[in-house]
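Report on the following structure.
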Amino acid sequence: MTNTGDTKGCTMCGTCCIKGGATLHSEDLPLIREGVFDLTDLVTLRKGEMAHDPVQGILVPLEEEIIKLRGRDRSWTCTFYEPESRACTIYDNRPAECRVLDCNDTAPLAEMYDVDRINRADLLPEGHPLLELAAEHEEKCPPRELTRLGSAAKADDVDAYRALIEMVTYDREIRRLATERGNLPEESLDFFLGRSMEALLATVGIRVRSGAQGLKLVFRGK
Ligand code: SF4
Ligand code: SF4
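Start counting the sequence shown at 1210; every next residue gets the next number (this note's numbering).
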């Protein structure tokens, strides 16, 4: 991450911050309590989603839910990265991964990368109503099903197509209710519910279009 400073050989080029914000670990919890960042600065990547693994440098399906610093300007560039100055705006309080990352030696990051990573339950008190909502959302919109359903729908499987439309419809509705009736800021939904189904479908080459006949899926390469 840019301005890591603590790591040898870092030229502060910012490339790692542009590739994506840090995944958070339990040692980062004080940063949230102290207000360095809040829930609107975070994004939940749910179990089964494809995510960039900075140690291997490839996309891998997540075996557990993780929380990351969200991107800015519709990209994965860390929300705290300032492109003009190529600087981290929370440098003195940057998360643990940012302090150890050195692209010339990823061993320290590899050592801590999948240890003590936090999830939504670590940030919300036990019994919080949004945990229940998140669990229901998880059941109705499981990311692990997207690739299978997407391939089947692309091959004209009507049931798979309908299942995807139902997921998108439910996901849209729950987000609308959460903001309109639950008064949640829209920017917090990527934390509470994870990325929208439309965003996840886009990662497997499927776009959602709204028309007079309702929702329609458009498949890349078809
Ligand atoms: S760790 Fe590497 S990629 Fe990240 S800012 Fe430093 S030199 Fe650039
Ligand atoms: S918190 Fe700072 S160092 Fe870490 S990814 Fe974001 S901009 Fe880079």
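Every residue gets a Cβ at the ideal spot worked out from N, C-alpha and C, and that includes glycine. All values derive from a computational prediction rather than experimental measurement.
Item	Value
So does D1311 have its beta carbon nearer than 7 Å to some heavy atom of ligand 1?	yes
At a cut-off of 7 Å, would you count M1321 as near ligand 1, judging by its Cβ distance to the nearest heavy atom?	no
Using 8 Å for Cβ pairs, my map puts A1344 next to L1358. What's the rounded Cβ distance?	At roughly 21 Å, the Cβ-Cβ gap does not stay under 8 Å, so A1344 and L1358 are not in contact.
Using a threshold of 8 Å, state whether the C-beta atoms of L1310 and C1225 are closer than that.	yes
What would DSSP say about G1359, mapped onto helix, strand or coil?	helix
At the level of alpha carbons, what is the spacing between E1273 and T1232?	12 Å
Helix, strand or coil: which one does DSSP assign to P1263?	coil
To the nearest angstrom, how far is it from the Cα of R1390 to the Cα of T1315?	45 Å
Count the C-beta pairs between the region 1386-1401 and the region 1243-1256 that are closer than 8 Å, then say yes if the count reaches three, no if not.	yes
In this structure, how does DSSP classify S1419 when only helix, strand and coil are distinguished?	strand
Apart from the five residues just before and just after I1275, which ones in its own chain have a Cβ nearer than 6 Å to its Cβ?	T1232, L1254 and R1326
Determine the direct distance from the alpha carbon of E1354 to that of E1243, and round the result to whole angstroms.	37 Å
Please name the residue, chosen from A1330, L1332, N1392 and D1237, that lies closest to M1321 on a Cα-to-Cα basis.	D1237
If you draw a straight line from the C-alpha of V1264 to the C-alpha of T1220, how long is it?	19 Å
Between the C-alpha atoms of K1431 and D1365, what's the straight-line distance to the nearest angstrom?	11 Å
For a quick check, are the C-beta atoms of L1424 and I1383 less than 8 Å apart?	no
Could you check what DSSP says for T1388 in three-state terms: helix, strand or coil?	helix
Have a look at V1245, P1270 and L1340 and flag the residue whose alpha-carbon is nearest the alpha-carbon of T1412.	P1270
Under three-state DSSP, which class holds I1227?	helix
Roughly how many whole angstroms lie between the Cα atoms of G1214 and C1312?	Legend: pLDDT at G1214 = 46, less than 50; position of this residue unreliable, no value from coordinates given.
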